[in-house]
Ligand code: UDP
Ligand code: MG
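Here it is as structure tokens:
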């Protein structure tokens with residue numbers, strides 16, 4: 003992490019913090035040493051509540067911060083949300099832009115968005131012709147923005163923009179992605195429980211030790227957001243996609259509020275889709291270049307089990323027992339056939355990978 007921090011500082015020699023540091027150094031020559039140290043410390047204070055003194059702003063190493071907000075039918079929340087974002091971002095020294103991605107809303111969200119963008123040029127929007135889903139909105143948002151750090155948050159006022167400085171601080175500590183952790187989740191009981199179970203299973207399967215994979219509030223370094231390919235409903239697995247591409251991830255506890263207007267866009271089906279997506283994520287990030295390891299493992303296991311079953315039955319047959327009344331023989335045959343098929347699929351996959359190998363799947367950290 004130390005090396006990441008260093009490289010981060012080197013990468014951004016002319017950033018806001020760098021410039022302010024130089025400015026502080028200049029100012030300091032005219033001030034008493036004790037005062038100088040005091041101001042220096044205040045300027046690096048990220049704080050928790052956004053109540054910054056009117057004179058000092060929070061410095062980050064990011065020249066520009068982009069906020070991407072996917073939204074679908076959130077007309078009532080948009081004005082209060084953008085007011086709150088402006089308030090918080092005015093306490094941060096970096097420039098910022100907000101991209102509102104309207105995911106095919108059928109209410110007056112688009113009208114509200116246009117009003118917001120008309121009065122403040124830092125706010126931009128994209129509107130989909132139909133509802134493509136949160137992942138698609140995020141993917142396009144990541145492509146369109148050009149900040150050095152990218153924040154994502156939901157539009158329904160459940161996420162608190164006051165947490166943005168804390169997330170940015172984690173990136174400044176050297177992490178590539180910081181995921182919010184809704185420790186006190188303000189949702190109906192059933193959703194809280196299913197989410198807890200979902201997070202537990204994801205933790206076990208992926209081995210990634212964070213508590214809340216699917217928090218809308220997250221901060222990404224530009225590189226992460228630009229190299230993640232999020233489609234389907236994979237937005238639930240952003241930390242997994244990032245981690246398996248070699249990025250460092252962490253989490254930060256964030257405040258969470260009950261939904262004030264409208265209703266959740268993800269019903270109980272989220273639960274089942276979530277687990278199917280986990281298989282997709284596992285396969286597409288871990289095994290995409292070595293399918294035989296995946297299919298070969300299950301194929302070999304099935305084949306060996308079938309072999310053992312038939313071997314056992316053969317011994318019985320040699321001892322003179324008839325096999326005509328042993329349904330186990332079908333199990334043994336089935337396991338062997340399935341095993342051979344799985345293995346063959348793995349081999350075919352392996353041949354495809356070797357014939358179409360493509361270097362776009364490797365995420366490059368640096369180049370000379
Ligand atoms: N959302 C979206 N497209 C969709 C569904 C949801 O852009 O198809 C947005 C939604 O407007 C909100 C965020 O994704 O800003 C999270 O959705 P929601 O609050 O319904 O999810 P929950 O908090 O219930 O997990
Ligand atoms: Mg919500």
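Numbering (the numbering used here), first residue to last: 3 to 370. Using N, Cα and C, we set each Cβ at its ideal position, and we do this for glycine too. The structure displayed is predicted, hence computed values, not measured ones.
Along the region 62-106, the beta strand (DSSP E) occurs as fully enclosed runs of 3 or more residues at 66-73 and 97-104, listed in sequence order.
Between the region 342-359 and the region 297-309, the count of C-beta pairs closer than 8 Å reaches three or more; the two stretches touch. Within the DSSP bridge table, the entry for residue 252 names 180 as partners. Nearest C-alpha to residue 123 among 135, 102, 130 and 141: 102. Under DSSP, residue 287 forms no beta bridge with any residue. Judged by DSSP in its simplified three-state form, residue 316 adopts helix. In summary, residue 109 is exposed, with fewer than 16 beta-carbon neighbours lying within 10 Å of its beta-carbon over all protein chains present. Taking 4 residues as the minimum length, the alpha helix (DSSP H) runs contained wholly in the region 118-148 are 136-146, in order along the chain. Comparing C-alpha distances from residue 63 to each of 169, 255 and 305 shows the shortest one belongs to 169. Rounded to whole angstroms, the separation of the alpha carbons of residue 323 and residue 333 is 18 Å. Neighbourhood of the ligand UDP, defined by CB distance below 6 Å to any of its heavy atoms: 72, 73, 74, 76, 105, 133, 135, 136, 139, 156, 157, 158, 160, 218, 266, 267 and 268, in chain order. Between residue 96 and residue 65, the alpha-carbon positions lie close to 5 Å from each other. In this structure, the CA atom of residue 192 is about 15 Å from the CA atom of residue 267.
Contact between residue 104 and residue 137 does not hold, since their C-beta atoms are separated by about 15 Å, which reaches or exceeds 8 Å. For residue 154, the enclosing beta strand (DSSP E) has its first and last residue at 151-154. Taking the Cβ of residue 205 as the reference point, every heavy atom of the ligand MG lies at 7 Å or farther away. In this structure residue 226 is in contact with residue 179, their Cβ atoms being roughly 5 Å apart against a cut-off of 8 Å.
For residue 206, the number of other beta carbons within 10 angstroms of its own is below 16, and it is reported as exposed. Here residue 160 is buried, its C-beta having at least 16 other C-beta atoms within 10 Å. At least one heavy atom of the ligand MG falls within 7 Å of the beta-carbon of residue 261. No residue range can be given for residue 186, since it is assigned to no beta strand (DSSP E) and is classified by DSSP as neither H nor E. Look at the beta carbons and you see the region 171-178 touching the region 214-231: at least three pairs across the two are nearer than 8 Å. Secondary structure of residue 222 (DSSP, three-state): strand. The region 147-156 and the region 245-254 do not touch, with fewer than three beta-carbon pairs separated by less than 8 Å.
In the structure shown, the three-state DSSP call for residue 279 is helix. Beta-bridge annotation (DSSP): residue 237 is not paired with any residue. Per DSSP, the beta bridge partners of residue 161 are 258.
Taking every protein chain shown into account, the CB of residue 75 has 16 or more other CB atoms within 10 angstroms, so this residue is buried. The beta carbon of residue 59 is closer than 7 Å to those of 93, 94 and 95 in its chain, skipping five residues each way along the sequence. Residue 60 sits in a strand when the DSSP states are folded into three classes. Exposure of residue 265 is indicated by the presence of fewer than 16 other C-beta atoms within 10 angstroms of its C-beta. Residue 254 places its beta carbon 8 Å or farther from that of residue 143.
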